[in-house]
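As structure tokens, the structure follows; a few thoughts come after it.
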Amino acid sequence: MKHLMTPLDFSVEELEKLFLLANDIERHPDKYAHDCDGKILATCFYEPSTRTRLSFESAMLRLGGQVLGFSDAASSSASKGESVSDTIRVISCFAHICAMRHHKEGAPMVAATKSTIPVINAGDGGHQHPTQTLTDLLTIRSMKGRLNNFTVGLCGDLKFGRTVHSLIHALIRYSGIRFIFISPEELRVPDYIIEELREKQIPFEEVIRLEDVMGSLDLLYMTRVQRERFFNEEDYVRLKDFYILDKKKMNLAKSDMLVLHPLPRVNEISVEIDNDPRAVYFKQVQYGVYVRMALILTLLGIR
Amino acid sequence: MLNVGQIEEGYVLDHIPAGKSLSIYYHLQLDQPDCSVAIIKNARSNKMGKKDILKVECDIDALDLDVLAVIDHNITVNVIKDGEIIEKKALVLPGEITNILKCKNPRCITSIEQELPHIFVLADEEKEIYRCKYCEEKYDMTRFE
Chain A
1 MKHLMTPLDF SVEELEKLFL LANDIERHPD KYAHDCDGKI LATCFYEPST RTRLSFESAM
61 LRLGGQVLGF SDAASSSASK GESVSDTIRV ISCFAHICAM RHHKEGAPMV AATKSTIPVI
121 NAGDGGHQHP TQTLTDLLTI RSMKGRLNNF TVGLCGDLKF GRTVHSLIHA LIRYSGIRFI
181 FISPEELRVP DYIIEELREK QIPFEEVIRL EDVMGSLDLL YMTRVQRERF FNEEDYVRLK
241 DFYILDKKKM NLAKSDMLVL HPLPRVNEIS VEIDNDPRAV YFKQVQYGVY VRMALILTLL
301 GIR
Chain B
1001 MLNVGQIEEG YVLDHIPAGK SLSIYYHLQL DQPDCSVAII KNARSNKMGK KDILKVECDI
1061 DALDLDVLAV IDHNITVNVI KDGEIIEKKA LVLPGEITNI LKCKNPRCIT SIEQELPHIF
1121 VLADEEKEIY RCKYCEEKYD MTRFE
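Protein chains in written order, with the working numbering: chain A, 1 to 303; chain B, 1001 to 1145.
Structure, rendered in structure tokens:
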């Protein structure tokens, strides 16, 4: 039985199959509309995350399956002190597959070791969020037709952003990837990732201003720079505009560059570029549903 | 040189960095079994200047050498049977260790889940880096006390 704990649990070949399946679902949704008839997905969310939970539920419902679960720890037996190990044993009796989000890092892995049904990590603290990475990869692959030979700009909070770290690890398995990290000094990519890139001889550069590199990017992955991450208000005020994507900056970009964002967006992407065909962050949400559909079918062994 | 009597069956753990023998004594749980243990501290050593030695009289299957490898894989392990050294064991860092290290990440599931074993996986043999199986928190074994 296979689970999904990190994006690297799937080999490049397995991911390729998953993405082909997701693209087929996108083209022929009716073909898959009854694949999960009689199957139940449990969404065990120990911390609230409406979008991810609804994406999983939408995926299962579109496959003909049903869903049950809880959306915060207070409404689960965790509030009575039940362990994750015990909860998953119980959930295994109710459902055929489980998506789990937990504030403690490694909780879905503990669940997977005790579970008799496939477990999907739907986010564990600041650790992993593999279905977001699969979503990012599927979006890039679907829009560009490949996952290799890109100059990838990652912008904003590169220190604490788990989606950024996961995406870097997932992309370095493909050839011809070059990274440009765009962030304030305080929010640089962690040293261990820099060391890893150097060891693997993956080209990268670190810059402070987005404008300086806009023209060389094939992909731009935006994240939010939060005020509370800065040591002082002065630095925040001085730097924040460097990381806000607006029309002026988009004018410097290639005509086929893609802008991605894991959402929710606050003010780091101006709404004035929402209609720019290069802004694909809402398409990304749609691909998130397709990739979760493909994942459910794969882990249940249906396709 | 201090003389400690020969043992019939057990181990002589040699080339322990000076001062580490007591830590090893407790990590190997040598206070628990009913066996004779000699702790020699600060013995003269050509190779190390000063070293500690542990002589343990016990069944030769009784010691968990994985623990020893984690503490210091440069320690020499002499296996003794019928008063003779029958084998010198090389210590290699185990691929996975259970309940030797405790994960210190307060966000790790091990901080709340009852009776969950603390499992660390060898991530980099050369740099002696282990990572928590659950949260991937890094642990540098060269700083192991």
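By construction, the Cβ of each residue, glycine as well, lies at the ideal position given by its N, Cα and C atoms.
Inter-residue spacing [alpha-carbon to alpha-carbon] between L1122/B and I1075/B: Each residue's alpha carbon lies about 19 Å from the other.
List the residues that DSSP assigns as beta-bridge partners of V1056/B. Under DSSP, V1056/B shares a beta bridge with Y1011/B and V1037/B.
Can we say the segment 2–12 of chain A touches the segment 129–144 of chain A, given the rule of at least three CB pairs closer than 8 Å? Output reads yes: the segment 129–144 of chain A touches the segment 2–12 of chain A.
Which first and last residues belong to the alpha helix (DSSP H) in which D24/A is found? Where D24/A is concerned, the enclosing alpha helix (DSSP H) stretches over V12 to R27.
Start and end of the beta strand (DSSP E) containing V1077/B? Unbroken beta strand (DSSP E) run through V1077/B: T1076 to K1081.
Scan the segment 1088–1121 of chain B for residues whose Cβ lies nearer than 8 Å to a Cβ of chain A and list them as they occur along the chain. For the segment 1088–1121 of chain B, the residues whose beta carbon sits under 8 Å from a beta carbon of chain A are, in order, N1105, R1107, C1108, I1109, T1110, S1111, I1112, E1113, Q1114 and L1116.
Closer than 8 Å to chain A by CB, E1128/B: Residue-level contact by beta carbon fails for E1128/B and chain A, as no gap is shorter than 8 Å.
Are V289/A and S115/A close, meaning C-beta to C-beta below 8 Å? With respect to the 8 Å criterion, V289/A and S115/A are not classified as neighbours on the basis of their beta carbons.
Anticipated Cβ contact below 8 Å, L217/A with M250/A, distance rounded: Your pair L217/A and M250/A does not check out as a contact, with CB atoms roughly 11 Å apart and the cut at 8 Å.
Would you mind stating whether I182/A and L154/A have Cβ atoms separated by less than 8 Å? Going by C-beta atoms, I182/A is nearer than 8 Å to L154/A.
Three-state secondary structure (DSSP) of F1120/B: In the structure shown, F1120/B sits in a strand (DSSP, three-state: E or B).
Can you name, in chain order, every residue of its own chain whose Cβ lies under 6 Å from the Cβ of P1117/B, other than the five neighbours on each side? Excluding sequence neighbours, P1117/B sits near T1098 and N1099.
Can you tell me whether DSSP reads C155/A as helix, strand or coil? Judged by DSSP in its simplified three-state form, C155/A adopts strand.
Please say whether V1070/B and F1144/B have beta carbons closer to each other than 8 Å? A contact, by the Cβ cut-off of 8 Å.
Is V280/A buried or exposed, if buried means 16 or more other CB atoms sit within 10 Å of its CB? Under this definition V280/A is a buried residue.
Buried versus exposed, by CB contacts within 10 Å (16 or more), F94/A: By the neighbour-count rule (16 or more Cβ atoms within 10 Å), F94/A is not buried but exposed.
Across which residues does DSSP place E1164/B in a beta bridge pair? Residue 1164/B lies beyond the residue range present for chain B, which begins at 1001 and ends at 1145; the question has no answer from this structure.
Short Cβ contact (8 Å threshold) for Y221/A with V285/A: Result no, Cβ atoms of Y221/A and V285/A do not sit closer than 8 Å.
Examine the Cβ distances between the segment 1056–1066 of chain B and the segment 1005–1012 of chain B and report whether three or more of them are shorter than 8 Å. Result yes; three or more Cβ-Cβ pairs closer than 8 Å.
Excluding the 5 residues flanking M1/A on each side, which residues of the same chain have their C-beta closer than 7 Å to its C-beta? The residues are P118.
In angstroms with no decimal places, state the Cα-to-Cα distance between T87/A and E1084/B. Rounded to whole angstroms, T87/A to E1084/B spans 54 Å at the Cα level.
Below 8 Å on C-beta distance, what does M109/A contact in chain B? Those within 8 Å of M109/A in chain B are I1109, K1133 and Y1134.
CB G64/A to CB C98/A, shorter than 8 Å? No, the pair does not count as a contact, with Cβ atoms beyond the cut-off.
I believe F179/A touches I208/A by the beta-carbon criterion, under 8 Å. Please report the beta-carbon distance rounded to the nearest angstrom. About 15 Å; that fails the 8 Å criterion.
I need the straight-line Cα distance from G156/A to V225/A, nearest angstrom please. Roughly 5 Å separates the two Cα atoms.
Assumed close pair L21/A, R303/A - CB separation to whole angstroms, cut-off 8 Å: For L21/A against R303/A, the beta-carbon gap comes to about 6 Å, under 8 Å, which counts as contact.
With a threshold of 8 Å between beta carbons, is G161/A in contact with chain B? No - not a single Cβ of chain B is within 8 Å of the one on G161/A.
Output, in chain order, the set of chain B residues within a Cβ distance shorter than 9 Å of E105/A. Within chain B, the residues near E105/A are N1105, R1107, C1108, I1109, C1132, Y1134, C1135, E1136 and E1137.
Between the CA atoms of V266/A and T223/A - distance to the nearest angstrom: The alpha-carbon atoms of T223/A and V266/A are separated by roughly 10 Å.
Proximity test, Cβ basis, 8 Å: V12/A and chain B: For V12/A, the answer is no, since every Cβ of chain B falls outside 8 Å of its Cβ.
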